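Novice: As you go down the protein sequences, you meet chains A and B in turn. Using my numbering, the first residue of the first sequence is number 4, and each one after it goes up by one. Using my numbering, the first residue of the second sequence is number 316, and each one after it goes up by one. Note that the Cβ used here is the ideal one computed from N, Cα and C, for glycine as well. All of these numbers come straight from a predicted model, not from anything done at the bench. Let me begin by handing over the structure; questions about it come next.
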Amino acid sequence: EAGVAQSPRYKIIEKRQSVAFWCNPISGHATLYWYQQILGQGPKLLIQFQNNGVVDDSQLPKDRFSAERLKGVDSTLKIQPAKLEDSAVYLCASSRVSGLRGHYEQYFGPGTRLTVT
Amino acid sequence: AQSVSQHNHHVILSEAASLELGCNYSYGGTVNLFWYVQYPGQHLQLLLKYFSGDPLVKGIKGFEAEFIKSKFSFNLRKPSVQWSDTAEYFCAVTVNNDMRFGAGTRLTVKP
Chain A
4 EAGVAQSPRY KIIEKRQSVA FWCNPISGHA TLYWYQQILG QGPKLLIQFQ NNGVVDDSQL
64 PKDRFSAERL KGVDSTLKIQ PAKLEDSAVY LCASSRVSGL RGHYEQYFGP GTRLTVT
Chain B
316 AQSVSQHNHH VILSEAASLE LGCNYSYGGT VNLFWYVQYP GQHLQLLLKY FSGDPLVKGI
376 KGFEAEFIKS KFSFNLRKPS VQWSDTAEYF CAVTVNNDMR FGAGTRLTVK P
């Protein structure tokens with residue numbers, strides 16, 4: 004089974020520029036997640052999609068971050084404009100939800116390391 | 316505030332030593348518990364998970380974890396570590412399909 008694909012793997016931009024990340028989940032996985040992992044911290048959920056609908060975006064800084072999953076498969080996460088504090092690894096994960104209590108595990112992609120200078 | 320706490324930021328062990336990494340959470344109600352591992356240069360991988368049933372769960376590569384509900388804990392253990400276990404370990408808790416991670420524990424195993 005192919006894993007979660009992400010691109011690019013690395014990106015360096017200047018502050019106030021915009022950037023976009025792409026994710027292709029495991030085939031058949033209905034749920035897709037974007038996480039931000041700042042150095043020395045655990046991943047923090049930014050947004051969760053179920054098919055092409057947003058389930059949770061409570062921790063997404065909506066003034067500068069946006070994400071979409073138009074066809075319920077791959078997804079893009081955009082930052083515009085970027086700030087220095089956005090430097091982090093952006094992880095995409097997917098899962099197949101089963102059961103009433105969400106008995107699932109998430110499969111993670113390799114991440115995109117963003118450096119904002 | 317609701318959180319997931321990993322007690323140790325960095326653990327250094329010699330090969331064959333026993334390992335225990337602590338994880339405590341502060342969420343009430345029904346939770347699902349996970350340990351993920353991130354080897355150097357690789358992506359996060361699932362080590363083991365607990366949903367229900369036997370509170371002692373076994374994962375890959377000889378790891379196990381015990382869910383103690385009364386202590387809100389889900390500590391990770393391995394009787395004898397190897398150099399190849401050098402990695403970052405993350406405890407995670409899901410509540411209502413929302414996964415929260417601890418800050419991670421970096422394990423260094425000296426050969």
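Would Lys393 (chain B) be called buried (16 or more neighbouring beta carbons within 10 Å of its own) or exposed?
Specialist: Classification for Lys393 (chain B): buried.
Novice: Give a yes or no on whether 7 Å exceeds the smallest Cβ distance from Gly45 (chain A) to chain B.
Specialist: Gly45 (chain A) counts as touching chain B.
Novice: Got a sec, what are the start and stop residues for the beta strand (DSSP E) Ser98 (chain A) sits in?
Specialist: Ala91 to Ser98 is the span of the beta strand (DSSP E), which, as asked, contains Ser98 (chain A).
Novice: Closest to Ile377 (chain B) by CA distance: which of B:Lys384, B:Ser395 and B:Val326 is it?
Specialist: For the record, residue 377 (chain B) in the displayed sequence is Gly; it is not Ile. The shortest Cα separation from Gly377 (chain B) among B:Lys384, B:Ser395 and B:Val326 belongs to B:Ser395.
Novice: Quick check on this structure: which residue in B:Phe416, B:Tyr342, B:Val410 and B:Val424 has the alpha carbon closest to the alpha carbon of Trp398 (chain B)?
Specialist: Comparing Cα-Cα distances from Trp398 (chain B) to each of B:Phe416, B:Tyr342, B:Val410 and B:Val424, the minimum goes to B:Val424.
Novice: Just to confirm, is the Cβ distance from Gly31 (chain A) to Asn54 (chain A) under 7 Å?
Specialist: Cβ atoms of Gly31 (chain A) and Asn54 (chain A): not closer than 7 Å.
Novice: I'd like to know if Leu336 (chain B) contacts chain A, where contact means its C-beta is closer than 7 Å to some C-beta of that chain.
Specialist: No, Leu336 (chain B) lies away from the interface with chain A (no Cβ there is under 7 Å from its Cβ).
Novice: Helix, strand or coil for Ser333 (chain B)? Go by DSSP, reduced to three states.
Specialist: Ser333 (chain B): coil per DSSP, three-state reduction.
Novice: Excluding the 5 residues preceding and the 5 following Phe24 (chain A) in the sequence, name in chain order all residues of the same chain whose CB lies nearer than 6 Å to its CB.
Specialist: Counting only Cβ-Cβ distances below 6 Å, and skipping sequence neighbours, we find Leu80, Tyr93 and Thr115.
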